[in-house]
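Novice: My numbering puts the first residue of the sequence shown at 4, with every later residue one more than the last.
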Amino acid sequence: MGHHDEFSDLAARTERAATGLSGALANESELGEEHGTARDRIRGCLLAGAVGDALGGGIEFDSWSRIRATFGEAGLQSYTPAYGRVGAITDDTQMTLFTAEGLIRARNRMEAEGTCSPRHEVHQAYLRWLATQNGHRDPAHDGWLIAVPELWNTRAPGNTCLSALQSGQVGSMDEPINDSKGCGGVMRAAPAGFLAEAADRFRLGCDVAAITHGHADGYLPAGALAVVVGALVDGAELSTALDDAEECLRQARSHDATLAALRAGRTLGAAGLPAPEQLEGLGGGWVGEEALAIAVACAVGGIDRPAEAMLAAVNHSGDSDSTGSIAGNILGATHGVEWLPTPWLDELELRDVIDAVAVDCHRSFHGVGNPDARDLSDWWERYPGR
Ligand SMILES: [Mg+2]
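#1: S68 to S320, Cα distance in whole Å?
#2: At a threshold of 6 Å, does T93 count as lining ligand 1 (C-beta to nearest heavy atom)?
#3: Roughly how many angstroms lie between the CA atoms of H139 and G304, to the nearest whole one?
#4: Taking the straight line between their C-alpha atoms, what separation do you get for Y386 and C164?
#5: Figure out for me which residue from A202, A336, N111, S328 has the closest Cα to the Cα of T93.
#6: Closest by CA to C109, which one among V125, D95, T96?
#7: Pull the bridge partners of A312 from the DSSP assignment, please.
#8: For V89, which three-state DSSP category applies?
#9: Pull up the distance between the alpha-carbon of A51 and that of A361, whole angstroms please.
#10: If you measure from the CB of D324, is any heavy atom of ligand 1 nearer than 6 Å?
#11: Taking C-beta to C-beta, are G59 and D324 nearer than 7 Å?
#12: Could you check the C-alpha separation between L72 and G291 for me, to the nearest Å?
#13: Using DSSP with H/G/I as helix, E/B as strand and the rest coil, what is V236?
#14: Is the number of C-beta pairs between the stretch 223-239 and the stretch 251-264 that are closer than 8 Å three or more?
#15: Can you tell me whether G286 is helix, strand or coil according to DSSP?
#16: Counting Cβ pairs closer than 8 Å, one from the stretch 259-272 and one from the stretch 292-299, do we hit at least three?
#17: Rounded C-beta distance between A199 and F64? I'm assuming under 8 Å.
#18: Suppose the cutoff is 7 Å on Cβ atoms and the five residues either side in sequence are ignored; what does the same chain contact list for L223 look like?
#19: Around the C-beta of A115, are 16 or more other C-beta atoms found within 10 angstroms, so that it is buried, or is it exposed?
#20: Helix or strand or just coil, what does DSSP make of L24?
#21: Whose CA, out of T215, A278, C48, H38, lies closest to the CA of N162?
#22: Check G171 in the structure and name its three-state DSSP category.
#23: So W383 is in the alpha helix (DSSP H); what residue range does that whole segment cover?
#24: Around the C-beta of A273, are 16 or more other C-beta atoms found within 10 angstroms, so that it is buried, or is it exposed?
#25: Assess contact between the stretch 140-153 and the stretch 173-191, defined as three or more Cβ pairs (one per stretch) separated by less than 8 Å. Is contact present?
#26: If you compare alpha carbons, which of V211, A302, L334 is closest to T99?
#27: Helix or strand or just coil, what does DSSP make of G138?
#28: Please state the DSSP three-state secondary structure of G370.
#29: Output needed for G188: all residues of its chain with C-beta closer than 6 Å, excluding positions within five of it in sequence on either side, in chain order.
#30: Starting from F197, trace the alpha helix (DSSP H) both ways and give me its first and last residue.
Listed below in structure tokens is the structure:
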């Protein structure tokens with residue numbers, strides 16, 4: 004297949020994907036009725052995660068003093084341009100979408116063949132993400148997600164993710180690929196929480212992070228996030244969801260630092276919405292357990308005022324887009340979509356793509372019978388299970 008054909012094929016697939024979107028979002032009156040449902044919480048999880056990523060993306064590498072000097076005493080209050088636009092998502096959201104895609108394809112493969120390895124399918128999805136970062140178009144790359152042109156932008160991808168995927172090896176908890184505990188494992192793991200089977204979420208979250216991050220504090224926070232998100236989607240209170248995550252961590256090997264960080268985040272949040280200086284006591288969020296702790300502190304402290312909690316999660320000296328993304332995952336899984344400020348949603352890059360992936364996750368993991376008006380005849384083509 005030549006370049007022209009290849010491109011036409013990609014363009015055609017993108018067009019089909021966009022057609023699918025209009026089906027997903029056509030019935031606006033549905034939105035009110037679905038408030039408080041699992042689908043609403045899954046959509047909230049991915050959309051608010053992307054909003055947090057986009058809020059933090061422009062100040063990812065800025066100290067709090069610099070943020071304050073630029074935006075005033077209260078810090079950043081809405082999107083600031085990054086990567087040439089307002090509302091730009093970064094690698095956190097890109098990889099979250101590919102995590103979701105891999106898990107949906109694993110489910111399709113399971114239904115078709117009776118067996119599959121989610122870890123393998125998600126690794127394949129990450130290799131497609133890697134291709135978008137390398138600019139390496141390959142006709143063998145199927146599915147609709149990789150055909151979304153905007154996903155081919157590079158948005159400060161993490162070195163650990165790039166090098167681990169380029170190695171050709173697939174990391175696991177038993178055979179760690181490296182000793183990295185960067186937050187690149189946890190910031191993309193939320194979709195593991197969408198599984199209907201609560202008992203599988205922790206392991207799956209750890210597994211998808213361990214593909215690239217071999218240190219326990221790189222993958223355990225991902226398992227913890229999956230547990231929290233899953234319990235919230237099921238309708239649990241945040242405190243119960245966090246208790247569940249602590250319980251899973253206690254049973255895991257090498258859990259001391261991640262469990263301690265999670266508890267420290269909860270403790271700080273219990274005193275109210277944390278100030279930037281207080282968040283620094285939890286670290287910078289560049290490593291997995293610190294990113295989880297900062298996000299949890301802001302979500303707990305601002306659970307009843309989630310938009311403020313999102314801003315707290317990015318207004319600090321640390322890794323703002325990842326902490327914003329994880330906090331958004333938690334707050335969105337708690338409150339759904341409705342609370343998200345309209346300008347944040349309207350200006351969010353790839354909002355429709357993110358929403359479509361969320362709706363597809365709900366369809367895939369939570370089964371039939373949901374009020375989904377889409378024509379699913381191209382479901383397999385969009386998520387090939389092979
Ligand atoms: Mg990022």
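Note that CB positions come from ideal geometry on N, CA and C, so glycine has one too.
Specialist: According to the data block:
#1: Straight-line Cα distance between these residues: approximately 8 Å.
#2: Look at T93: its beta carbon is less than 6 Å from one of the heavy atoms in ligand 1.
#3: Rounded to the nearest angstrom, the two C-alpha atoms are 43 Å apart.
#4: Spanning the two alpha carbons is a distance of roughly 23 Å.
#5: For T93, the closest of A202, A336, N111, S328 by C-alpha to C-alpha distance is S328.
#6: As written in the sequence, residue 109 is Ala, which differs from the Cys given in the question. Checking every option, the nearest Cα to that of A109 belongs to V125.
#7: DSSP lists no partner for A312.
#8: It is coil, neither helix nor strand.
#9: Going from the Cα of A51 to the Cα of A361 covers about 11 Å.
#10: Correct: D324 has its Cβ closer than 6 Å to ligand 1.
#11: Yes, these two residues count as a Cβ contact at 7 Å.
#12: According to the sequence provided, residue 72 is Ala. The question's Leu does not apply to it. Cα to Cα, the separation comes out at about 28 Å.
#13: It is helical.
#14: In this structure the stretch 223-239 touches the stretch 251-264; the number of beta carbon pairs closer than 8 Å is three or more.
#15: Residue state for G286 is assigned as coil, using DSSP reduced to three classes.
#16: Yes: the two stretches touch, three or more of their Cβ pairs being nearer than 8 Å.
#17: Contact flag wrong, Cβ pair sits at about 38 Å.
#18: Apart from the 5 residues on each side of it in sequence, L223 sits with its Cβ closer than 7 Å to the Cβ of C209, L252, A255, H258, T261 in its chain, given in chain order.
#19: Exposed, because fewer than 16 other Cβ atoms sit within 10 Å of the Cβ of A115.
#20: Low confidence applies to L24: its pLDDT is 46, below 50, so where it sits in the model is not reliable enough to give any reading.
#21: The shortest Cα separation from N162 among T215, A278, C48, H38 belongs to T215.
#22: Under the three-state reduction of DSSP, G171 is assigned to coil, being neither helix nor strand.
#23: Start and end: 382-385.
#24: With fewer than 16 other Cβ atoms from the protein chains shown falling within 10 Å of its own Cβ, A273 counts as exposed.
#25: Taking 8 Å as the limit for Cβ pairs, the verdict is that the stretch 173-191 does not touch the stretch 140-153.
#26: The shortest Cα separation from T99 among V211, A302, L334 belongs to V211.
#27: For G138, the three-state secondary structure derived from DSSP is coil.
#28: Coil.
#29: For G188, where only same-chain residues beyond five positions count, the Cβ hits under 6 Å are A212, H216, G221, Y222, A225, G291.
#30: Unbroken run through F197: none, as it is neither H nor E.
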